[in-house]
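Undergrad:
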Ligand SMILES: [Zn+2]
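Structural data, given as structure tokens:
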């Protein structure tokens, strides 16, 4: 007997989630059918809300439903801007409670081979943000691979002769190719504290 189309559609939907193979998708689909009516309605409502109410902050890429909890926080230092290549890294840094500035999320790192040019990854938006917010220090928290290093050098170069904007990057000690989300809080916060200066701009809040 073949699976009826309605159930098959549900299985196919679950299969789109990361780490879910066919068997698991099938199990989840039948488990969904076996939920109480109330639980299933709550599930449907949560999915509907996630797709209709959750927005992505145009400034830092963080997900929010009312207003961005980071950008709208008046206690944060607007002159400090930490740059990541993936907004998932913001969550990793937020968990350390060791950073009180704002964030900017690039769309990846520079890679000429993959057509990721400065325009494509949002360098212009970054420059606009630095100017409009009066940013005094840019902290680069980019991947430690070749593309990440290239991107860091490119940005440092943009502000090379700008005495008002200091550019630094996270201290060494983050293993090459490691994503921030897999690091412990102490490693992340000490690499923020021990950040390395990349240009001659004014250094702010340096420990
Ligand atoms: Zn934001």
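Numbering (my numbering), first residue to last: 5 to 211.
Backbone N, C-alpha and C define an ideal beta-carbon position, used for all residues, glycine too.
The structure presented is a predicted model; accordingly, all values stated were derived computationally and were not measured.
1. Rounded to whole angstroms, what is the Cα-Cα separation between residue 107 and residue 38?
2. Name the one or two DSSP bridge partners that residue 173 has.
3. With a 10 Å radius around its C-beta and 16 neighbouring C-beta atoms as the bar for buried, classify residue 199 as buried or exposed.
4. Tell me, to the nearest whole angstrom, how far the beta carbon of residue 189 is from that of residue 66; I am working on the premise that it is less than 8 Å.
5. Check each candidate in 122, 129, 175 and name the one with the smallest Cα separation from residue 1.
6. With distances taken from CA atoms, which of 95, 52, 19 is nearest residue 64?
7. Taking all protein chains shown into account, do 16 or more other C-beta atoms lie within 10 angstroms of the C-beta of residue 58, making it buried, or fewer, making it exposed?
8. For residue 109 versus residue 91, is the C-beta distance shorter than 7 Å?
9. Name the residue from 151, 141, 146 whose alpha carbon lies nearest to the alpha carbon of residue 201.
10. As a quick exercise: from 162, 7, 112, pick the residue whose alpha carbon is nearest that of residue 149.
11. Which of helix, strand or coil does DSSP assign to residue 105?
12. Pop quiz: residue 127 and residue 184 are said to be a contact at Cβ under 8 Å. What is the actual Cβ separation, rounded to whole angstroms?
13. Rank 137, 136, 139, 151 by C-alpha distance to the C-alpha of residue 119 and give the top, closest one.
14. So, with DSSP's three-state summary, where would you put residue 163?
15. Is residue 66 near ligand 1, with its Cβ less than 6 Å from a heavy atom?
16. On the three-state DSSP scale, how would you describe residue 139?
17. On the three-state DSSP scale, how would you describe residue 57?
18. Enumerate in chain order the residues of its own chain whose CB-to-CB distance from residue 216 is below 7 Å, with the five nearest sequence positions on each side excluded.
TA: For this structure:
1. Here residue 107 corresponds to residue number 103 of the chain shown, with the count starting at 1. Here residue 38 corresponds to residue number 34 of the chain shown, with the count starting at 1. Cα to Cα, residue 107 sits roughly 43 Å from residue 38.
2. In the chain shown, residue 173 corresponds to position 169, counting from 1. Paired residue(s): 144, 200.
3. The residue given as residue 199 occupies position 195 in the chain shown. Buried, because 16 or more other Cβ atoms sit within 10 Å of the Cβ of residue 199.
4. Locating residue 189 in the chain shown gives position 185, where the first residue counts as 1. Locating residue 66 in the chain shown gives position 62, where the first residue counts as 1. With 8 Å as the limit, residue 189 and residue 66 do not qualify as a contact, their Cβ atoms being about 18 Å apart.
5. Residue 1 lies beyond the stretch modelled for the chain, which goes from 5 to 211, so this question has no answer here.
6. Position 60 of the chain shown holds residue 64. The shortest C-alpha separation from residue 64 is found at 95.
7. Residue 58 sits at position 54 when you count from the first residue of the chain shown. With fewer than 16 Cβ atoms within 10 Å of its Cβ, residue 58 is classed as exposed.
8. The count along the chain shown starts at 1 and reaches residue 109 at position 105. The count along the chain shown starts at 1 and reaches residue 91 at position 87. Yes, they are a contact pair.
9. For this step, residue 201 is matched to residue 197 along the chain shown. With distances taken between Cα atoms, residue 201 lies closest to 141.
10. Taking the chain shown and counting its residues from 1, one reaches residue 149 at position 145. Ranking 162, 7, 112 by Cα distance to residue 149 puts 112 first.
11. Against the chain shown, residue 105 aligns to sequence position 101. Strand at residue 105.
12. Translated into positions along the chain shown, residue 127 becomes position 123. Translated into positions along the chain shown, residue 184 becomes position 180. With a Cβ gap of about 20 Å, residue 127 and residue 184 do not count as contacting.
13. Within the chain shown, residue 119 is the residue found at index 115, counting from 1. With distances taken between Cα atoms, residue 119 lies closest to 151.
14. Taking the chain shown and counting its residues from 1, the one referred to as residue 163 is at position 159. Residue state, collapsed to three classes: coil.
15. The count along the chain shown starts at 1 and reaches residue 66 at position 62. Yes - ligand 1 has a heavy atom lying nearer than 6 Å to the Cβ of residue 66.
16. What you label residue 139 is simply residue 135 of the chain shown in a count that begins at 1. In the structure shown, residue 139 sits in coil (DSSP, three-state: anything other than H, G, I, E or B).
17. Residue numbering aside, residue 57 sits at position 53 when the chain shown is read from its first letter. Note: residue 57 maps to coil in three-state DSSP.
18. Outside the modelled stretch of the chain, which goes from 5 to 211, sits residue 216, for which no answer is possible.
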